[in-house]
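Peer 1: In order, the protein sequence lines correspond to chains V and Z.
Heads up: the first sequence is residues 136 to 369, going by the working numbering.
Heads up: the second sequence is residues 136 to 369, going by the working numbering.
Cβ coordinates follow ideal geometry from the N, Cα and C atoms, glycine included.
There are 2 protein chains.
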Amino acid sequence: MEENRIQAVWQGEMQCTDCKIRALALFADLHERDFALIHRPITELGLDSGATLYRQADQGPVVFTLRSGLVKLEQAQSNGGQRIVRLLRQGDVAGLESLLGKPYNHTATALEPVSVCRIPKEVVSRLNQETPRLFKQLMSRWQKAVDDADNWLTELSSGSSRARVARLLCYLAEHGEHGRFSLIGREDMGSILGITKESASRAVAEFKRERYITHVGSGRYTGNLDLLENAAGR
Amino acid sequence: MEENRIQAVWQGEMQCTDCKIRALALFADLHERDFALIHRPITELGLDSGATLYRQADQGPVVFTLRSGLVKLEQAQSNGGQRIVRLLRQGDVAGLESLLGKPYNHTATALEPVSVCRIPKEVVSRLNQETPRLFKQLMSRWQKAVDDADNWLTELSSGSSRARVARLLCYLAEHGEHGRFSLIGREDMGSILGITKESASRAVAEFKRERYITHVGSGRYTGNLDLLENAAGR
DNA sequence: CGTGTAATTGAATATATTCAACAAAAGTGG
DNA sequence: CCACTTTTGTTGAATATATTCAATTACACG
C-alpha cells in the first residue's frame, strides 16, 4: 500500500552494516552492536523519475535517506502555487519533521531515478535513546537542512534570471559526476529560482548558444565553470 | 570584551528557574534538579537597536535565546551583497550551529531593542547528555529554523514586489502586540524580499496612502489584515 | 511515424531597477 | 531647545528586465 503509493520499482530489506554509503548516511557513526537495536525493517527502494516519496501534510511514519539520485522538495504557497525549496542528493535526509510527530512539510518527488532507504521513525527514536552516536548525526542533518535553505535563498533567489540560472547550472555541474549532469525541466527551474519557465528557457538556450554548457549525448551536459560563475556574478 | 563587542546596555546573571518566558524558551521542559547541572553562567543582556549579537564566520562559544525584540539574520552572498534570511523573535534561538562546533552562519543584528539570554554551549551539551528533556526542545528549534526558512522562501520571495511587501506587513502585524508594529527600514525590507529599497518604499508609501496601514503615533502602525492579505494574493 | 509533452522564440506589455532630486526624520553639539 | 548635518524615505523619469500569451519547433515514446 505504502510501497504502492510511492511507486517503487524495486525494493529489498537492507543490511545497514554493509551499506556502501554509510559514511555519508544518517547511521555513519553507529557500531556493530548498535544495529542489534533495530527491530523494525529498513527497506531500500528504487523509484522512477517523477515518483512521489511523500506528500505535504501527510502524517508519515518514516524518514528517507537518499542513496543516489536527485529529489525535489516542493511546498505549497498561500496563493495556491508550489515552490521548490530544496534539492536533495546522496546522503541527504528527507522527512525529519516526522520524528517530531509533525506531518511532512513538503511533497518529495524524484527528479531522476533514485534509490532511498526507508527508515521507520521508531528505529531512529530507539537508537537515539540507546546510543549518543546517532544524536550528533541527527543534529548535523537538521543543521544541513537549515544551511541548504539559507544558501538556496542567498544564491538562487537573488539577482537577474540569467544569473540565477547560471548559479543553478553551477550547482548541477559541481554535484554531477565528472562534471556531467542532466538538465532539469524548465518549469522546475522556474519554481526553484522564482522565475517563469520561459525566462528559465531563454537563459538556458542562451547558455547553450554561447557554449557555457555543452551537450555530450543522452541528455547530459558539461558546463564551463569559469564562464558560468562569471555569468552568476562572482 | 565579549560584552563590549555586542554593545550590551545592561546585563545580569539569570536564574532560569524564575524565567517568565520559560514556556517558550529552549529550557521549557527542564525540571528543578536539571538546573543544578548548569555550572557556567547564563547572562541576560539588553541590546540597543542596531547592536550586533555575533558575526558570520565568528567561532562563538554561545547560543542566544531571544526574550523580547526582533533580530535579523544576514548572510553574505557570493556576489558580495548581504541578504536577510530570517527574522527572530521571542522564544527563537540564534547560533545553534555553534553547538556543532561550526562558526556562525549569519550576522545577527537587533532591529529593535532586544533582551537575550546568552547560553554557553557547554551548558547545552551537558544538559543534553544528562537529561533527555532538552533533546526534544533542541530538535524542535532546529526544525523551526528549517520551517521558517522554507516559509520565508515560499511567502516572501515569490510574487510581485507589492505582494511581497504586503506579506511582510502581514507578518509584522500578526506578530506585533495588539496588531501594532514598527516598520522596519526600507533597505532591510528590500534585503528580506529580494527587491530594491526603492521598490519597497514605493509599496509601503502606496499602502499608507490606501490606508492598508495606519500611523498610530511614535513610529507605530496598525494594518488592515483583510486588505493586506488581499494585496498579498491569498 | 504520428502524437503529446516540453522547449524555444517573438512581440507586446507589465514590472522592477537605476539614478537623481528632494523631503522628512533622526541625530549632534552648542 | 534650536540650528545643523546626516541618514532615511519618497518620488519621477528613463531604462532594463521579466512576464504573458501565442506560435513554432524539438523530442520522447508508444
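1. How is isoleucine 141(Z) classed by DSSP in three states: helix, strand or coil?
2. Could you check what DSSP says for tyrosine 356(Z) in three-state terms: helix, strand or coil?
3. Here's a check: name, in chain order, each residue in its chain whose Cβ is nearer than 7 Å to the Cβ of isoleucine 327(Z), leaving out the five neighbours to either side.
4. Taking its Cβ as the centre, do 16 or more other Cβ atoms sit within 10 Å of serine 184(V), making it buried, or is it exposed?
5. Since threonine 244(Z) meets chain V, which of its residues come closer than 8 Å, beta carbon to beta carbon?
6. Say whether the segment 165 to 179 of chain Z touches the segment 234 to 253 of chain Z, bearing in mind that this needs 3 or more beta-carbon pairs closer than 8 Å, one atom from each stretch.
7. Is it a yes or a no for the segment 261 to 268 of chain Z touching the segment 201 to 208 of chain Z, going by three-plus beta-carbon pairs under 8 Å?
8. Using the rule of at least 16 other Cβ atoms within 10 Å of the residue's Cβ for burial, across every protein chain shown, is glutamate 232(Z) buried or exposed?
9. So, is the C-beta of threonine 289(Z) closer than 9 Å to a C-beta in chain V?
10. Could you give the distance in angstroms between the alpha-carbon of alanine 229(V) and the alpha-carbon of glycine 236(Z)?
11. In chain V, what lies closer than 7 Å to arginine 391(Z) by C-beta?
12. Using beta-carbon positions only, say whether histidine 310(V) and arginine 224(V) come within less than 9 Å of one another.
13. Residue range of the alpha helix (DSSP H) that serine 233(V) falls in?
14. List the residues of chain Z that glutamine 191(V) touches, going by C-beta distances under 7 Å, in chain order.
15. Measuring CA to CA, which of Trp277(V), Gln194(V), Ala171(V) is closest to threonine 200(V)?
16. Contact defined as beta carbons within less than 8 Å: I believe valine 351(Z) pairs with arginine 315(Z). What is the distance between those atoms, to the nearest angstrom?
17. Return the bridge partner residues of arginine 221(V) from the DSSP annotation.
18. Nearest by alpha-carbon distance to arginine 152(Z): which of Ala163(Z), Thr357(Z), Ala143(Z), Leu362(Z) is it?
19. Using a Cβ cut-off of 8 Å, pull out every chain V residue sitting near aspartate 323(Z), in sequence order please.
20. Determine the DSSP secondary structure at valine 351(Z), reduced to helix, strand or coil.
21. With 9 Å set as the bound, which would you pick, yes or no: does the beta-carbon of leucine 165(Z) sit closer than that to a beta-carbon of chain V?
22. Does any C-beta atom of chain Z lie closer than 9 Å to the C-beta of arginine 297(V)?
23. Applying the criterion that 16 or more other CB atoms from any shown protein chain within 10 Å of the CB defines a buried residue, is valine 287(V) buried or exposed?
24. Using DSSP bridges, identify the partner residues of alanine 245(V).
25. For glutamate 137(V), which residues of its own chain have a beta-carbon under 7 Å away from its beta-carbon, when the five flanking residues on both sides are left out?
26. Classify glutamine 150(Z) as buried or exposed, calling it buried when 16 or more other Cβ atoms lie within 10 Å of its own Cβ.
27. Look at the alpha carbon of isoleucine 156(V) and the alpha carbon of aspartate 227(V), and state the distance between them as a whole number of angstroms.
28. Scan the segment 144 to 161 of chain Z for residues whose Cβ lies nearer than 7 Å to a Cβ of chain V and list them as they occur along the chain.
29. Report the start-end ranges of each beta strand (DSSP E) in the segment 145 to 191 of chain Z that is 3 residues or longer and not cut off at the edges.
30. Would asparagine 214(Z) count as contacting chain V if we go by Cβ distances under 9 Å?
31. Report the neighbours of glycine 226(Z) on chain V: residues whose CB is nearer than 7 Å to its CB, in chain order.
32. Since glycine 368(V) meets chain Z, which of its residues come closer than 7 Å, beta carbon to beta carbon?
33. Would you identify the three-state DSSP class for serine 275(Z), choosing helix, strand or coil?
34. Report the option in Ala243(Z), Leu262(Z), Gly216(Z) whose CA atom is closest to the CA atom of histidine 174(Z).
35. On a Cα-Cα basis, can you pick out the residue from Gly294(Z), Val198(Z), Leu246(Z), Ser336(Z) that is closest to threonine 331(V)?
36. Is any heavy atom of the ligand PLP found at a distance shorter than 8 Å from the C-beta of leucine 273(Z)?
Peer 2: Looking at the coordinates:
1. The residue given as residue 141(Z) occupies position 6 in the second sequence. In the three-state scheme derived from DSSP, where H, G and I count as helix and E and B as strand, isoleucine 141(Z) is classed as coil.
2. Locating residue 356(Z) in the second sequence gives position 221, where the first residue counts as 1. Under the three-state reduction of DSSP output, tyrosine 356(Z) falls in the strand class.
3. Taking the first residue of the second sequence as 1, we reach residue 327(Z) at position 192. Here the set comprises Ile219, Leu291, Leu303.
4. By 1-based counting over the first sequence, the position of residue 184(V) is 49. With fewer than 16 Cβ atoms within 10 Å of its Cβ, serine 184(V) is classed as exposed.
5. Taking the second sequence and counting its residues from 1, one reaches residue 244(Z) at position 109. Ordered by position in chain V, no residue passes the 8 Å Cβ test against threonine 244(Z), which lies about 16 Å from the chain.
6. Counting Cβ pairs under 8 Å, three or more are found: they touch.
7. Note that the segment 261 to 268 of chain Z does not touch the segment 201 to 208 of chain Z; fewer than 3 beta-carbon pairs, one per stretch, sit closer than 8 Å.
8. For the purposes of this step, residue 232(Z) is identified with residue 97 of the second sequence, where counting begins at 1. Buried, because 16 or more other Cβ atoms sit within 10 Å of the Cβ of glutamate 232(Z).
9. Here residue 289(Z) refers to the residue found at position 154 when the second sequence is read from its first residue. Proximity of threonine 289(Z) to chain V, defined by a Cβ-Cβ separation below 9 Å, is satisfied.
10. Within the first sequence, residue 229(V) is the residue found at index 94, counting from 1. Within the second sequence, residue 236(Z) is the residue found at index 101, counting from 1. For the pair alanine 229(V) and glycine 236(Z), the Cα-to-Cα distance works out to about 24 Å.
11. Outside the displayed range of chain Z (136 to 369) lies residue 391(Z), so it cannot be described from this structure.
12. Taking the first sequence and counting its residues from 1, the one referred to as residue 310(V) is at position 175. Taking the first sequence and counting its residues from 1, the one referred to as residue 224(V) is at position 89. Yes, the pair counts as a contact, with Cβ atoms nearer than the cut-off.
13. Reading the first sequence from its first residue, position 98 is the one you call residue 233(V). Neither: serine 233(V) is in no alpha helix (DSSP H) and is coded neither H nor E.
14. Position 56 of the first sequence, counting from 1, holds the residue named residue 191(V). Going along chain Z, no residue has its Cβ under 7 Å from glutamine 191(V), so there is no contact; the nearest lies around 11 Å.
15. Locating residue 200(V) in the first sequence gives position 65, where the first residue counts as 1. When only C-alpha atoms are compared, the closest one is Trp277(V).
16. Position 216 of the second sequence, counted from the first residue, corresponds to residue 351(Z). Position 180 of the second sequence, counted from the first residue, corresponds to residue 315(Z). Contact flag correct, Cβ pair sits at about 6 Å.
17. Locating residue 221(V) in the first sequence gives position 86, counting from the first residue. Arginine 221(V) is bridged to Leu208(V).
18. One-based indexing of the second sequence puts residue 152(Z) at position 17. Residue identity differs from the one stated: residue 152(Z) is threonine in this sequence, not arginine. Among Ala163(Z), Thr357(Z), Ala143(Z), Leu362(Z), the Cα nearest to that of threonine 152(Z) is on Ala163(Z).
19. Indexing the second sequence from 1 puts residue 323(Z) at position 188. Those do not exist, as aspartate 323(Z) stays about 15 Å from chain V at its closest Cβ, beyond 8 Å.
20. The residue given as residue 351(Z) occupies position 216 in the second sequence. Valine 351(Z) falls in the coil class under three-state DSSP.
21. In the second sequence, counting from the first residue as 1, residue 165(Z) sits at position 30. No, leucine 165(Z) does not count as interfacial toward chain V.
22. Indexing the first sequence from 1 puts residue 297(V) at position 162. For arginine 297(V), the answer is no, since every Cβ of chain Z falls outside 9 Å of its Cβ.
23. Along the first sequence, read from residue 1 onward, the residue named residue 287(V) stands at position 152. Note on identity: in this sequence residue 287(V) is tryptophan, with valine being the wrong assignment. Tryptophan 287(V) should be labelled buried.
24. Counting from one through the first sequence, the residue named residue 245(V) turns up at place 110. For alanine 245(V), which the question treats as bridged, DSSP gives the partners Val206(V).
25. Here the question's residue 137(V) lines up with position 2 in the first sequence. Low confidence applies to glutamate 137(V): its pLDDT is 43, below 50, so where it sits in the model is not reliable, and the reading given next is rough at best. None.
26. Counting from one through the second sequence, the residue named residue 150(Z) turns up at place 15. Around the beta carbon of glutamine 150(Z), a 10 Å sphere encloses fewer than 16 other beta carbons of the protein chains shown; the residue is thus reported as exposed.
27. As a first step, residue 156(V) is located in the first sequence; it is residue number 21 there, counting from the start. As a first step, residue 227(V) is located in the first sequence; it is residue number 92 there, counting from the start. The straight-line gap separating the alpha-carbon atoms of isoleucine 156(V) and aspartate 227(V) is approximately 11 Å.
28. Look at the segment 144 to 161 of chain Z: it has no residue with a C-beta under 7 Å from a C-beta of chain V.
29. Runs found: 178 to 182, 187 to 189.
30. Walking along the second sequence from the start, residue 214(Z) turns up at place 79. With 9 Å as the cut-off, asparagine 214(Z) counts as an interface residue toward chain V.
31. Mapped onto the second sequence, residue 226(Z) falls at position 91. The contacting residues do not exist; glycine 226(Z) stays about 16 Å from chain V at best.
32. If you number the first sequence from 1, residue 368(V) lands on position 233. Going along chain Z in sequence order, the residues near glycine 368(V) (Cβ under 7 Å) are Asn214.
33. Taking the second sequence and counting its residues from 1, the one referred to as residue 275(Z) is at position 140. In the structure shown, the three-state DSSP call for serine 275(Z) is helix.
34. Looking up residue 174(Z) in the second sequence gives position 39. Of the listed residues, the one whose Cα sits closest to histidine 174(Z) is Leu262(Z).
35. Here residue 331(V) is taken as the residue at index 196 of the first sequence, counted from 1. A check of alpha carbon separations from threonine 331(V) across Gly294(Z), Val198(Z), Leu246(Z), Ser336(Z) identifies Gly294(Z) as the nearest.
36. Here there are no bound small molecules, and the ligand PLP is not part of this structure.
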